[in-house]
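Top to bottom, those sequences are chains A and B. The first sequence begins at 2 in the numbering used here and counts up by one. The second sequence begins at 2 in the numbering used here and counts up by one. Yeah, the Cβ is synthetic: ideal placement off N, Cα and C, and Gly gets one too. Source: prediction; values computed, not measured. Input: a single structure, listed below in structure tokens.
There are 2 protein chains.
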Amino acid sequence: MAADSAELGVKAVLGRWEAAWNASDMTAMWQLATDDVHWVNVVGMHWRGKAEVQRAHQFYQDLLFKDRSCKLDEIESIVPLPGGAFVAVVRWAMGGYRRPTGQMRPPGKDRMSLVLVPRGEGLAIAHGANVLIDEEAEAFNPIKR
Amino acid sequence: MAADSAELGVKAVLGRWEAAWNASDMTAMWQLATDDVHWVNVVGMHWRGKAEVQRAHQFYQDLLFKDRSCKLDEIESIVPLPGGAFVAVVRWAMGGYRRPTGQMRPPGKDRMSLVLVPRGEGLAIAHGANVLIDEEAEAFNPIKR
């Protein structure tokens, strides 16, 4: 996959991810992943294999995120790996949501590392790790952009 | 690389990582990475390329982590990717440390996703994403082990 088609492949996955999240359609979302996908979420839970990853996301979607919006902010990087795979780092703007306690959580941003492997004409998610961006910590980032 | 040698390769990288962290030797640590390594840290900072990643870690090592211990808790998974690469999820037990405010931060655990690519006889780190494990959230993990 050349650089342009890599970007198209990554964009295709992210577009479907965003649509599936906003439709609360976890089946569509996890069709984007390999059977052996592993996932580490923003609080450090580690889920293994598509069935488990989908079930866990369904649980939080039902509990917390049904009305929480998700919007792609930026594809920050796409780095090629051997064998036609890529690691992409993408930033998502996530809407606020109500916790089970009733308390509202404000909107925020997540930075997601995605490992994408070739599948058919496109790419499939083989791994994801999602980190909440701490806006206050950013003032102490030694690397300024 | 067969499954056994994959595990040996991952263990070799992690052993050197642990030693380099505990010796505050960021040069040794980042020799473990590719030139194009990207890194997302526990507060969601995204660093790009070995020089930048090493400089950022050196900054926090000097500021906060000189006496903070690092011990491998478990290699939780090693999933093969195309082209002889792997994604490993590893859990680290991290010691407490003193913040610039003087306040002590308690010990905790990090869950790190590492993308490892073949280099010479072994493996090199092509990507890392590190997530602080929220022990309180774990009670609400829908996947029990």
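Inter-residue spacing [alpha-carbon to alpha-carbon] between residue i and residue j
i, j, result
"Ala138 (chain A)", "Val44 (chain B)", "7 Å"
"Gln32 (chain B)", "Leu65 (chain A)", "42 Å"
"Met46 (chain B)", "Asn142 (chain A)", "7 Å"
"Arg100 (chain A)", "Arg112 (chain A)", "21 Å"
"Gly50 (chain B)", "Ile144 (chain A)", "12 Å"
"Trp18 (chain A)", "Ser25 (chain A)", "10 Å"
"Lys72 (chain B)", "Phe60 (chain B)", "21 Å"
"Val116 (chain A)", "Thr28 (chain A)", "19 Å"
"Ala1 (chain B)", "Leu82 (chain A)", "This structure cannot settle anything about residue 1 (chain B), because the visible part of chain B is limited to 2 through 146."
"Met105 (chain B)", "Trp22 (chain B)", "19 Å"
"Gly97 (chain A)", "Gln62 (chain A)", "13 Å"
"Val88 (chain B)", "Arg56 (chain A)", "22 Å"
"Val132 (chain B)", "Asp74 (chain B)", "15 Å"
"Arg120 (chain A)", "Gly16 (chain A)", "17 Å"
"Ala34 (chain A)", "Val118 (chain A)", "9 Å"
"Asp68 (chain A)", "Ala140 (chain B)", "23 Å"
"Pro107 (chain A)", "Ala94 (chain A)", "11 Å"
Sub-8 Å separation of residue i and residue j beta-carbons
i, j, result
"Val38 (chain A)", "Ala127 (chain A)", "yes"
"Ala13 (chain A)", "Gly123 (chain A)", "yes"
"Val1 (chain B)", "Ala130 (chain B)", "No statement about residue 1 (chain B) is possible, as the shown extent of chain B runs from 2 to 146 and does not include it."
"Gly109 (chain B)", "Ile76 (chain B)", "no"
"Glu8 (chain B)", "Ile79 (chain B)", "yes"
"Ser6 (chain A)", "Ser114 (chain B)", "no"
Chain B contact residues for residue i, given Cβ-Cβ distances below 7 Å
i, result
"Ser78 (chain A)", "His39 and Arg49"
"Leu133 (chain A)", "Gly45"
"Glu53 (chain A)", "Ile144"
"Val90 (chain A)", "His39, Val41 and His47"
Proximal residues of chain B, C-beta to C-beta of residue i below 9 Å
i, result
"Leu82 (chain A)", "Leu82, Pro83, Gly84, Ala86, Val116, Val118, Ala127 and His128"
"Arg112 (chain A)", "Val41, Gly45, Met46, His47 and Ala130"
Residue i, DSSP secondary structure in three states
i, result
"Met46 (chain B)", "coil"
"Lys110 (chain A)", "strand"
"Lys72 (chain A)", "strand"
"Ala130 (chain B)", "strand"
"Thr35 (chain B)", "strand"
"Ala29 (chain A)", "helix"
"Pro83 (chain A)", "helix"
"Ala24 (chain B)", "coil"
"Gly16 (chain B)", "helix"
Partner residues on chain B for residue i, Cβ-Cβ distance less than 8 Å
i, result
"Arg56 (chain A)", "Pro143 and Ile144"
For residue i, the nearest candidate out of the options (CA to CA)
i, options, result
"Trp48 (chain A)", "B:Asp68, B:Val91 and B:Met30", "B:Val91"
"Met30 (chain A)", "A:His58, A:Asp5 and A:Ser6", "A:His58"
Within chain A, partners of residue i - CB distance below 7 Å
i, result
"Phe60 (chain B)", "Pro143"
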